[in-house]
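Colleague: Before anything else, here's the structure in question.
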Amino acid sequence: MATAGRGQGRAGSGVGPPGSWQPWQRRGGGRAGAGGGAGRGRRGAGSHGNGGEGAGPALGAGRARDFTAPTSSARSAPAGRSLRRAGTLRPARPRPAPELVAGTRPPEALGASRGWVRCSQHGTCSYPTGGQGRVRLQGKSGSAAARRRSPEDASQTKVSSPFTLLPRADAIRSKLIYTFYLIDHLQGLSHAIPRHNIQDFLDPKKQRKLMFTDHHQLVRFNITPVRNTIITPEKRLRNRIQVRCSRWPPLAMWASWVLNSTIFKSFIICLIFLNMLVLMIKSEVMDKMDASLVSLKLILEVTVWVILLIFIMEILLNWIVSFRGFWKSSWNVFDFSVTIVSVIPEFLDLTGITNKIAAMRLIRAFRILRTLKLFSKFRQVRVIILAIAKTLKAMTFILLLLVVFFSVFAVSGIFFFESYSRSDRTDLEYSMYFRDLPNTLVTLFILFTMDHWYALLQDTWKIPEMNKLISSLYIILWLLIGSFMFRNFFVAIMVTNFQTIRSDLAEEVKQIEAQKKADLFKIQIRESRSQASGLEVGPGAEAPPSAQQLEYKVVVKQSVKDLDWETYIHQNLQSLVEVNEDGQVVWPSDSLFRYFELLEQLQHNLEERKRLQHYAAVAAPAPLHSTRAPQACLPCSLGVRMQANCTMVGMLEHLTFSNKQAGSEATQEPASKLQALPGLC
Amino acid sequence: MEPTESFHQRRLVSNLVVENFKSSSDSDVKHTLFWQFRRRDTEFCAYIRRLLQNPLLNSVMISIISLNAVFLGLETDYAIKLNSYAYLELADLIIISIYTTEILLKFYVDPLNYWRSGYNLFDVLLLLIAYLPYTIDKNDIKHYRTWNIINGFQALKILKLISYNRGMRSLITALGQTVKTVIYVLVLLFLLMFIFAILGYGLYGDPETGDSKNWGNLASALFTLFCLVTVDGWTDFQDELDQYGFSASRAFTIVFILLGFFLFFNMSIGVVIMNIQDSTQNYERELKAEKQAALQAKKQAILQRQQEEVNMLIHQQIWLRVKPEMPKHSERS
Numbered sequence: 004m005a006t007a008g009r010g011q012g013r014a015g016s017g018v019g020p021p022g023s024w025q026p027w028q029r030r031g032g033g034r035a036g037a038g039g040g041a042g043r044g045r046r047g048a049g050s051h052g053n054g055g056e057g058a059g060p061a062l063g064a065g066r067a068r069d070f071t072a073p074t075s076s077a078r079s080a081p082a083g084r085s086l087r088r089a090g091t092l093r094p095a096r097p098r099p100a101p102e103l104v105a106g107t108r109p110p111e112a113l114g115a116s117r118g119w120v121r122c123s124q125h126g127t128c129s130y131p132t133g134g135q136g137r138v139r140l141q142g143k144s145g146s147a148a149a150r151r152r153s154p155e156d157a158s159q160t161k162v163s164s165p166f167t168l169l170p171r172a173d174a175i176r177s178k179l180i181y182t183f184y185l186i187d188h189l190q191g192l193s194h195a196i197p198r199h200n201i202q203d204f205l206d207p208k209k210q211r212k213l214m215f216t217d218h219h220q221l222v223r224f225n226i227t228p229v230r231n232t233i234i235t236p237e238k239r240l241r242n243r244i245q246v247r248c249s250r251w252p253p254l255a256m257w258a259s260w261v262l263n264s265t266i267f268k269s270f271i272i273c274l275i276f277l278n279m280l281v282l283m284i285k286s287e288v289m290d291k292m293d294a295s296l297v298s299l300k301l302i303l304e305v306t307v308w309v310i311l312l313i314f315i316m317e318i319l320l321n322w323i324v325s326f327r328g329f330w331k332s333s334w335n336v337f338d339f340s341v342t343i344v345s346v347i348p349e350f351l352d353l354t355g356i357t358n359k360i361a362a363m364r365l366i367r368a369f370r371i372l373r374t375l376k377l378f379s380k381f382r383q384v385r386v387i388i389l390a391i392a393k394t395l396k397a398m399t400f401i402l403l404l405l406v407v408f409f410s411v412f413a414v415s416g417i418f419f420f421e422s423y424s425r426s427d428r429t430d431l432e433y434s435m436y437f438r439d440l441p442n443t444l445v446t447l448f449i450l451f452t453m454d455h456w457y458a459l460l461q462d463t464w465k466i467p468e469m470n471k472l473i474s475s476l477y478i479i480l481w482l483l484i485g486s487f488m489f490r491n492f493f494v495a496i497m498v499t500n501f502q503t504i505r506s507d508l509a510e511e512v513k514q515i516e517a518q519k520k521a522d523l524f525k526i527q528i529r530e531s532r533s534q535a536s537g538l539e540v541g542p543g544a545e546a547p548p549s550a551q552q553l554e555y556k557v558v559v560k561q562s563v564k565d566l567d568w569e570t571y572i573h574q575n576l577q578s579l580v581e582v583n584e585d586g587q588v589v590w591p592s593d594s595l596f597r598y599f600e601l602l603e604q605l606q607h608n609l610e611e612r613k614r615l616q617h618y619a620a621v622a623a624p625a626p627l628h629s630t631r632a633p634q635a636c637l638p639c640s641l642g643v644r645m646q647a648n649c650t651m652v653g654m655l656e657h658l659t660f661s662n663k664q665a666g667s668e669a670t671q672e673p674a675s676k677l678q679a680l681p682g683l684c
Numbered sequence: 002m003e004p005t006e007s008f009h010q011r012r013l014v015s016n017l018v019v020e021n022f023k024s025s026s027d028s029d030v031k032h033t034l035f036w037q038f039r040r041r042d043t044e045f046c047a048y049i050r051r052l053l054q055n056p057l058l059n060s061v062m063i064s065i066i067s068l069n070a071v072f073l074g075l076e077t078d079y080a081i082k083l084n085s086y087a088y089l090e091l092a093d094l095i096i097i098s099i100y101t102t103e104i105l106l107k108f109y110v111d112p113l114n115y116w117r118s119g120y121n122l123f124d125v126l127l128l129l130i131a132y133l134p135y136t137i138d139k140n141d142i143k144h145y146r147t148w149n150i151i152n153g154f155q156a157l158k159i160l161k162l163i164s165y166n167r168g169m170r171s172l173i174t175a176l177g178q179t180v181k182t183v184i185y186v187l188v189l190l191f192l193l194m195f196i197f198a199i200l201g202y203g204l205y206g207d208p209e210t211g212d213s214k215n216w217g218n219l220a221s222a223l224f225t226l227f228c229l230v231t232v233d234g235w236t237d238f239q240d241e242l243d244q245y246g247f248s249a250s251r252a253f254t255i256v257f258i259l260l261g262f263f264l265f266f267n268m269s270i271g272v273v274i275m276n277i278q279d280s281t282q283n284y285e286r287e288l289k290a291e292k293q294a295a296l297q298a299k300k301q302a303i304l305q306r307q308q309e310e311v312n313m314l315i316h317q318q319i320w321l322r323v324k325p326e327m328p329k330h331s332e333r334s
């Protein structure tokens, strides 16, 4: 009765995510009652009391103290019921012990998940479970694992031993165990002995103690970011779906190759310079009506047109590579707009709107704008322009304030200097300066640059009606505010921003350098290892492309022979350490539990999907021979499985999204987490 | 109770709790006007206070001030003023009434602390300046000059825009700090100019033998020196002095330009740079501290939630224990 009640209380408390592995959860629901279960579910506050530590949740040595063995708990029938209710495909297990142990793998069979065995506290491989005696790992776990794996696909039989199947799922499972300190639990640290009673929670002092001595139900786990510095942009372009699924030979690839080749780039730069030169010569030669120059003029004109056509072709090539991607980069938009603007006068010429000759001469000058294309070609120029753009963004508020001050002084200036503007004296030089709003704005700008301000002031003093005090006060105040203060502000903001930008860039460069060194080191190690063991380095085994490989190979030959092993490692250790910083991420434990669960389920589903696809491929070409029924079965089961897969992925995404919203210290994007975890493909 | 749903609901609730943490610090309801006098109309007061913090009101005020600025600009043009002076004056009257209403509302909400905020003081000053044109008689010729000057000061209304944007306000406070330091530099510069002005007046300010136009009295000497500091047309002044035969004045001018322009002027730039760097660092540190505080608040919320759930659980357990015994009680009684 009590267990049933407690079991129900447990199930109804919403302690953990539904349908989680009940054996793990049931550890609290047994004899310890709801107190234990609550204790498990609510790991109390750790050292949050030390205010202002600010260093993330205080996890420290927080252990899952209140894990009791799953043995006693899973015996209760409600366990099975809640299992079913949760909707997982795993039926209730009457025997928890093999289930428990099924999570563990015999050490020899594990490839990637060997690590967790070593990091267990006592370094042993046997995990006694309380109350059930020693469990033999080999046989029982194997069969149990097989049984565990087969619930969904009871129809399909796993032939080979489960050890070789799905190493990824195993890895995820072991990561789960490691993260949740389940090893200590398995070793019997928190045995079947119930640790806490409900009385413990009714006593407020004890309750506080319990709540405050454990961490916040937040689990710290490590993610090793997978840095694929080997993926080059060319590779990325090549892997685009558009290119892979195209029926015709991919034109985009050729276009991108052309655009990124050094010859083409230098050719374009030469063309830009040539364009500039030609236009300069043309402007000199244009007005001279010499007969001998006619051929020269013709050549110049033709050259200009040809260069223009080549520029347009370059833009077209960019569009072939990717139309959408073209507009995403602002440098491309700049290029495009410059070309279009410079082309407008030609079009106007062709269509015959040549009446407005004055405008035509002006617009003809736009041709020279094509030289601006240079800005997008050189990397240093780009960096400088980016720095300036960033600075301008930082200065928006000050510019806005300056505009406000400009308008204030303009309007008041017009009123103050009205008698000066309206006077009939003929010897005033600057009488137009304060006449109306546009003029006043220009005057204010002139005063901003402090040019001839005293002459202007003395001019205004010539009028007797002018109040000398007001005019001099006005001008001096504007000088102080405008050029003293604002100019200094501009300079200061630019200097500060340039400093930050430069330090950022330096940091980036340093990081890239460190990354390169670390990669180089790794490749060297790999090379030396493969050389030492005498294995053939197959083309498929090595990930880096051949160019880099050649580079590194040359360096390997030089460096490995010079130094001895220890100094070599020692030299490169620092860079490795600083590069491979694991991202410390913190999630609530129930989310993380569910996440790992889902990941493992995903592996199974993916495997199943592969098999189903295989079956579909096999079944499809033979409709006549097989009967109707199995064929009808397959697509629908396919559809169901595919749907299950989709929902799985959807659940994962939903979970990560909700964690993104409510995670306590989500320092990285959940998408990167998804990718970084070794379980996902 | 579906566990997943409550899980997510609890997340939202915890977020809400964080919000309450933040906003509770802002509003402290004052129910007292002066020491013992309590307000009778607390509800209305609270309503007005809520109204004043409404962002819609913010945008309305900003648009009105911009309209005012536009009308001020239109007034400067003689032709437009001639054609539609009636509309402009009407618009001016309406806008002034809106400003007055706003000031009165703010004053009503909190009479004592109203004067502590600089922006409120500025508003009152502007309002007084805005009332000035209506105090004089425009049709009187004698008052033409004053009317011009007063109209000139109306342009200050545009500065009201600053108080409605949070970014601008923080910028102004940051600039205020730097301005203080710049003012010290300016005071130093003025001292230097004063010394050199006296010197210049003594050397070149003699009415008969010297250049009395530029150095004849203290005011003109100061102006000349200010010209030298801003290096605007200083060669002309030097030429004039040469005309009067003071060829040794080059030393005077050059020394002063070195001190005033190269030293002080650029020193003010350096001081401003230092200040702005400091204030940026402070600002970033503040942001970080804010983030940490928000994080702590979230953790508190999680803990609170946990405690609540444990309590709920305990109550449930107690209830389940107690429940089987209840029929016994009922049987007995």
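For the protein sequence lines, the chains are A and B, in the order given. The first sequence maps to residues 4 to 684 in this note's numbering. The second sequence maps to residues 2 to 334 in this note's numbering. Beta carbons are placed, not taken as given, at the ideal position from N, Cα and C, and that holds for glycine.
1) Are the C-beta of serine 333 of chain A and some C-beta of chain B separated by less than 8 Å?
2) For the structure I just gave you, are there three or more beta carbon pairs, one from the stretch 406–425 of chain A and one from the stretch 467–487 of chain A, closer than 8 Å?
3) By the 7 Å beta-carbon criterion, what residues does the stretch 426–458 of chain A contribute toward chain B?
4) Assign isoleucine 303 of chain B to buried or exposed, taking buried as 16 or more other Cβ atoms, counted over all protein chains shown, within 10 Å of its Cβ.
5) Is the shortest distance between the beta-carbon of aspartate 78 of chain B and the beta-carbons of chain A less than 8 Å?
6) Here's a check: name, in chain order, each residue in its chain whose Cβ is nearer than 7 Å to the Cβ of leucine 405 of chain A, leaving out the five neighbours to either side.
7) Would threonine 1 of chain B and valine 272 of chain B qualify as a contact pair, given that the criterion is a beta-carbon distance under 8 Å?
8) Given this structure, state the Cα-to-Cα distance separating leucine 472 of chain A from isoleucine 150 of chain B, to the nearest angstrom.
9) To the nearest angstrom, how far is it from the Cα of leucine 523 of chain A to the Cα of asparagine 263 of chain A?
10) Leucine 75 of chain B and isoleucine 81 of chain B look like a contact to me (Cβ under 8 Å); what is the Cβ gap, rounded to whole Å?
11) Going by DSSP in three states, leucine 431 of chain A sits in which element: helix, strand or coil?
12) Between the Cα of glycine 211 of chain B and those of B:Glu241, B:Asn283, B:Lys161, spot the shortest distance and give me the residue it belongs to.
13) Taking 8 Å as the cut-off, decide whether the C-beta atoms of valine 125 of chain B and arginine 50 of chain B are in contact.
14) Within its chain, find whatever has a CB closer than 6 Å to the CB of phenylalanine 108 of chain B; leave out the 5 residues flanking it on each side and keep chain order.
15) Which residues in chain B sit within 7 Å of glutamate 421 of chain A, going by Cβ to Cβ distance?
16) Give a yes or no on whether 8 Å exceeds the smallest Cβ distance from glutamine 244 of chain B to chain A.
17) Return the chain-ordered list of same chain residues with a C-beta closer than 8 Å to the C-beta of phenylalanine 227 of chain B, the five sequence neighbours on each side being excluded.
18) Measuring alpha carbon to alpha carbon, tell me which residue in A:Leu205, A:Gln514, A:Ser286 is nearest leucine 314 of chain B.
19) To the nearest whole angstrom, what separates the beta carbons of leucine 431 of chain A and lysine 465 of chain A, a pair I think is in contact under 8 Å?
20) Taking Cβ positions only, does threonine 182 of chain B come closer than 8 Å to chain A?
21) Beta-carbon of phenylalanine 487 of chain A versus every beta-carbon of chain B: anything under 8 Å?
22) Whole-angstrom Cβ separation of asparagine 491 of chain A and isoleucine 270 of chain B, contact assumed at under 8 Å?
23) Shorter than 8 Å from the beta carbon of histidine 316 of chain B to some beta carbon of chain A?
24) Kindly list, in the order they appear in chain B, the residues whose Cβ is closer than 7 Å to that of isoleucine 496 of chain A.
25) Closest by CA to isoleucine 388 of chain A, which one among A:Ile266, A:Phe350, A:Phe337?
26) Tell me, to the nearest whole angstrom, how far the beta carbon of tyrosine 205 of chain B is from that of serine 250 of chain B; I am working on the premise that it is less than 8 Å.
27) Count the CB pairs spanning the stretch 493–508 of chain A and the stretch 389–398 of chain A that are closer than 8 Å, and state whether there are at least three.
28) Determine the closest residue to isoleucine 401 of chain A out of B:Leu52, B:Thr231, B:Ala175, B:Thr101, with distance taken between C-alpha atoms.
29) Measure from the C-beta of valine 305 of chain A to each C-beta in chain B and report whether the shortest distance is under 8 Å.
30) Going by Cα to Cα distance, which pick from A:Met279, A:Leu169, A:Glu349, A:Met453 is closest to phenylalanine 262 of chain B?
31) Apart from the five residues just before and just after glutamine 606 of chain A, which ones in its own chain have a Cβ nearer than 6 Å to its Cβ?
32) Please classify phenylalanine 381 of chain A: does DSSP put it in a helix, a strand, or coil?
33) Taking a contact to mean a Cβ-Cβ separation below 8 Å, would you say alanine 252 of chain B touches leucine 223 of chain B in this structure?
34) Helix, strand or coil for aspartate 212 of chain B, going by three-state DSSP, please let me know.
Modeller: Taking the definition as stated:
1) Chain B has no Cβ within less than 8 Å of the Cβ of serine 333 of chain A.
2) Between the stretch 406–425 of chain A and the stretch 467–487 of chain A, the count of C-beta pairs closer than 8 Å reaches three or more; the two stretches touch.
3) Against chain B - using a Cβ distance shorter than 7 Å - the residues of the stretch 426–458 of chain A are Asp439, Leu440, Met453, Asp454, His455, Trp456, Tyr457, Ala458.
4) Isoleucine 303 of chain B is buried by the Cβ-count criterion.
5) Taking Cβ atoms only, chain A reaches closer than 8 Å to aspartate 78 of chain B, which makes this a yes.
6) Excluding residues within five positions, the ones whose Cβ falls inside 7 Å are Phe489.
7) Shown here, chain B extends from 2 to 334; a query on residue 1 of chain B therefore has no answer.
8) Distance between the alpha carbons of leucine 472 of chain A and isoleucine 150 of chain B is about 11 Å.
9) The C-alpha of leucine 523 of chain A lies about 25 Å from the C-alpha of asparagine 263 of chain A.
10) Yes, they are in contact, since the Cβ atoms of leucine 75 of chain B and isoleucine 81 of chain B sit about 5 Å apart, within 8 Å.
11) If DSSP states are grouped into helix, strand and coil, leucine 431 of chain A belongs with coil.
12) Comparing Cα-Cα distances from glycine 211 of chain B to each of B:Glu241, B:Asn283, B:Lys161, the minimum goes to B:Glu241.
13) Cβ atoms of valine 125 of chain B and arginine 50 of chain B: not closer than 8 Å.
14) Here the set comprises Tyr115.
15) Within 7 Å Cβ-Cβ: Asn149.
16) For glutamine 244 of chain B, the closest Cβ of chain A is not nearer than 8 Å.
17) Same-chain partners within the cutoff: Met194.
18) Residue A:Leu205 holds the alpha-carbon nearest to the alpha-carbon of leucine 314 of chain B among A:Leu205, A:Gln514, A:Ser286.
19) Distance from leucine 431 of chain A to lysine 465 of chain A at the Cβ level is roughly 7 Å; contact confirmed, criterion being Cβ atoms closer than 8 Å.
20) For threonine 182 of chain B, the answer is no, since every Cβ of chain A falls outside 8 Å of its Cβ.
21) For phenylalanine 487 of chain A, a Cβ of chain B is located within less than 8 Å of the residue's own Cβ.
22) About 5 Å; that satisfies the 8 Å criterion.
23) With 8 Å as the cut-off, histidine 316 of chain B does not count as an interface residue toward chain A.
24) Going along chain B in sequence order, the residues near isoleucine 496 of chain A (Cβ under 7 Å) are Ile277.
25) Measuring C-alpha to C-alpha distances from isoleucine 388 of chain A to each of A:Ile266, A:Phe350, A:Phe337 identifies A:Phe337 as the nearest.
26) With a Cβ gap of about 7 Å, tyrosine 205 of chain B and serine 250 of chain B count as contacting.
27) Touching, yes, given that three or more Cβ pairs across the two stretches are closer than 8 Å.
28) Checking every option, the nearest Cα to that of isoleucine 401 of chain A belongs to B:Ala175.
29) With 8 Å as the cut-off, valine 305 of chain A does not count as an interface residue toward chain B.
30) The shortest Cα separation from phenylalanine 262 of chain B among A:Met279, A:Leu169, A:Glu349, A:Met453 belongs to A:Met453.
31) Cβ-Cβ distances below 6 Å link glutamine 606 of chain A to Leu169, Arg171, Ala172 in the same chain, with the five nearest sequence neighbours on each side left out; the list follows chain order.
32) Here phenylalanine 381 of chain A sits in coil by DSSP.
33) No.
34) Aspartate 212 of chain B carries a coil assignment under DSSP once its states are collapsed to helix, strand and coil.
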